[in-house]
Amino acid sequence: MNEAEILNKIMQALPQGSQGGIVINIINTSNPQNNISQSNIILNNDINVAEIERLKNKDMPDFEEYLAKQRRSHNTVYSYVFSVSDFFSRCDCLDDSNIEKWIQILKKEKKSSKTINLRLCGVMAFAKFKGIKLNVNKLPVQKKSFVDNVITTDEYYKLLSCLKSDNKMKGYWMIRFLGQTGARVSEFVRFEKKTLEDGYIDLDTKCHSRRILVPDKLIKESKEYFAGVQGRWLFPGQKKGQHITAGGVNSLLKDFAKKYDIREEVMHPHSFRHFFAIQSLNNGVDMSLLKDLLGHGSIDTTQIYTQLSSTEQKKRFNAAVKW
Numbered sequence: 001m002n003e004a005e006i007l008n009k010i011m012q013a014l015p016q017g018s019q020g021g022i023v024i025n026i027i028n029t030s031n032p033q034n035n036i037s038q039s040n041i042i043l044n045n046d047i048n049v050a051e052i053e054r055l056k057n058k059d060m061p062d063f064e065e066y067l068a069k070q071r072r073s074h075n076t077v078y079s080y081v082f083s084v085s086d087f088f089s090r091c092d093c094l095d096d097s098n099i100e101k102w103i104q105i106l107k108k109e110k111k112s113s114k115t116i117n118l119r120l121c122g123v124m125a126f127a128k129f130k131g132i133k134l135n136v137n138k139l140p141v142q143k144k145s146f147v148d149n150v151i152t153t154d155e156y157y158k159l160l161s162c163l164k165s166d167n168k169m170k171g172y173w174m175i176r177f178l179g180q181t182g183a184r185v186s187e188f189v190r191f192e193k194k195t196l197e198d199g200y201i202d203l204d205t206k207c208h209s210r211r212i213l214v215p216d217k218l219i220k221e222s223k224e225y226f227a228g229v230q231g232r233w234l235f236p237g238q239k240k241g242q243h244i245t246a247g248g249v250n251s252l253l254k255d256f257a258k259k260y261d262i263r264e265e266v267m268h269p270h271s272f273r274h275f276f277a278i279q280s281l282n283n284g285v286d287m288s289l290l291k292d293l294l295g296h297g298s299i300d301t302t303q304i305y306t307q308l309s310s311t312e313q314k315k316r317f318n319a320a321v322k323w
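For what it's worth, UniProt numbering labels the leading residue of the sequence shown as 1, then goes sequentially.
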């Protein structure tokens, strides 16, 4: 079963206006192409409708409330609800045996180990919520020892120059703030006017508080522009009073890639976080400080930025092998 079919079933099972409406809201706002109308609902014989109905009537709304109390983000709630709905659309009972069968199905559908593990997180969270003990291990994922698909310095400055020449100042400052703060997109969208006054923003996550610093130079140079921006947020969204969404940022970056002939594979928010990390190291920022600036839990995660990209590794390898 493909994801569109699962999404259709979620939308059928969790109608707008119910406690489960958060799922539909996330689908509609975060990913417009998934806004599938009720009239287009796909019915499949392998969908466990009875189980979906039970989820709709009791478990899923309570599960969402449980996740909310754990301060999970909207994206995490959506991901977990999607995973649980996917599981119960294929299996009748939540136990080790059925989870193993589900994993094999996902493997046959060519899902990556990382994707399967993300789905497992949702189902394991649901099992914990229901008090069900499971003994299932995540799939091994080979960690990369390098970072790929990072915007280059030339591309970064070309992009800024093009945006400034076209007077696309919202895009210009968006790129500057992404590239000079190292913020995750979920953090970046929450930058406020107050951030410029304080020189930092404190954000609470489910595990800890994180402080993101904003360079003095960036604050000074951007103040005039943001003085003309109405409301609380540095980067307002389309809806009045709301900030730009992660989907909105991604959409703008894809548009910029096409318009200014920048590689599309590097035009995603996390590319600029990688860019920030690499530039910081190249300009003498201590590894321990960079770990804190990026909000990494372990310095091992930060050390990946000291490695060459796979392209650079291959280039140097070919140059070295002369025998």
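Cβ atoms here follow ideal geometry from the backbone N, Cα and C, with glycine treated the same way. Keep in mind that this is a model prediction, so the values were computed, not measured.
I'd like the list of long-range same chain contacts for residue i, defined as Cβ closer than 8 Å, with 5 residues on each side in sequence excluded.
{"i": "Leu253", "result": "Met267, His268 and Pro269"}
{"i": "Lys110", "result": "none"}
{"i": "Leu281", "result": "Met287, Leu290, Tyr305 and Thr306"}
{"i": "Leu262", "result": "The sequence given here has Ile at residue 262, not Leu. Excluding positions up to five away in sequence, the list reads Ile151, Glu155, Lys158, Leu159 and Phe256."}
{"i": "Ser30", "result": "Per-residue confidence for Ser30 stands at a pLDDT of 35, beneath the threshold of 50, marking its modelled position as unreliable; the derived number appears in the next sentence. Correct list, in chain order: His74, Asn75, Tyr78, Thr245, Ala246 and Gly247."}
{"i": "Lys258", "result": "Glu264"}
{"i": "Asn117", "result": "Lys138, Leu139 and Val141"}
{"i": "residue 348", "result": "One cannot answer for residue 348 here, as it falls past the ends of the chain, which runs 1 to 323."}
Within 8 Å of any Cβ in chain D, is that where the Cβ of residue i sits?
{"i": "Leu293", "result": "The structure shown contains no chain D; it is built from a single protein chain."}
Tell me where the beta strand (DSSP E) around residue i begins and ends.
{"i": "Arg210", "result": "Ser209 to Leu213"}
{"i": "Tyr200", "result": "Tyr200 to Asp204"}
What residues in its chain sit with their C-beta under 7 Å from that of residue i, if we drop five residues either side in the sequence?
{"i": "Ser37", "result": "Residue confidence for Ser37 is low, a pLDDT of 29 falling below 50, so the modelled location carries little weight and cannot support an answer."}
{"i": "Lys114", "result": "Val141"}
{"i": "Gly171", "result": "Leu163, Leu252 and Phe256"}
{"i": "Gly297", "result": "none"}
{"i": "Ile132", "result": "Leu94"}
{"i": "Gly295", "result": "Arg210"}
{"i": "Gly237", "result": "His243, Ile244, Thr245 and Gly248"}
{"i": "Gln180", "result": "Pro215, Leu218 and Phe276"}
Beta-carbon within less than 6 Å of residue i's beta-carbon, same chain only, minus the 5 sequence neighbours each way: which residues are those?
{"i": "Leu203", "result": "Glu187 and Arg210"}
{"i": "Leu293", "result": "Gly182"}
{"i": "Arg119", "result": "Ser83"}
Starting from residue i, trace the alpha helix (DSSP H) in both directions and tell me its first and last residue.
{"i": "Asp62", "result": "Met60 to Lys69"}
{"i": "Asn117", "result": "Ser113 to Lys130"}
{"i": "Tyr80", "result": "His74 to Phe88"}
{"i": "Met287", "result": "Met287 to Leu294"}
{"i": "Lys164", "result": "Thr153 to Ser165"}
{"i": "Ile105", "result": "Asp96 to Lys108"}
{"i": "His274", "result": "Pro269 to Asn282"}
{"i": "Ser298", "result": "Segment: none, Ser298 is in no alpha helix (DSSP H) and carries neither H nor E."}
{"i": "Leu134", "result": "Where Leu134 is concerned, there is no enclosing alpha helix (DSSP H), given that its DSSP letter is neither H nor E."}
{"i": "Lys217", "result": "Asp216 to Ala227"}
{"i": "Ile175", "result": "Met169 to Thr181"}
In the DSSP output, which residue or residues are listed as bridge partners for residue i?
{"i": "His243", "result": "Pro236"}
{"i": "Glu192", "result": "Trp233"}
Compute the beta-carbon to beta-carbon distance between residue i and residue j, rounded to the nearest angstrom, for a pair I have assumed lies under 8 Å.
{"i": "Asp216", "j": "Gly199", "result": "7 Å"}
{"i": "Ile99", "j": "Leu134", "result": "7 Å"}
{"i": "Arg184", "j": "Arg273", "result": "6 Å"}
{"i": "Gln174", "j": "Phe235", "result": "Per the sequence presented here, residue 174 reads as Met, with Gln not at that position. Indeed they touch by this definition, with Cβ atoms about 6 Å apart."}
{"i": "Val285", "j": "Val189", "result": "Incorrect: roughly 25 Å between the Cβ atoms, too far for contact."}
{"i": "Met169", "j": "Tyr225", "result": "6 Å"}
Notebook entry, point to check: Looking at C-beta atoms only, is the number of pairs between the region 102-109 and the region 57-68 that lie closer than 8 Å three or more?
Noted result: With the cut-off at 8 Å, the region 102-109 and the region 57-68 do not touch.
Next item on the list: Pair every Cβ in the region 79-89 with every Cβ in the region 118-133, then say whether three or more of these pairs are closer than 8 Å.
Entry: They touch, by the three-pair rule.
Next item on the list: Taking 8 Å as the threshold, find out whether the region 297-306 comes into contact with the region 269-282 through three or more Cβ pairs.
Entry: Verdict: yes, contact present.
Item checked: contact_flag[the region 224-243, the region 192-202] where n(CB pairs < 8 Å) is 3 or more -> The region 224-243, when compared against the region 192-202, does touch it at the 8 Å Cβ threshold.
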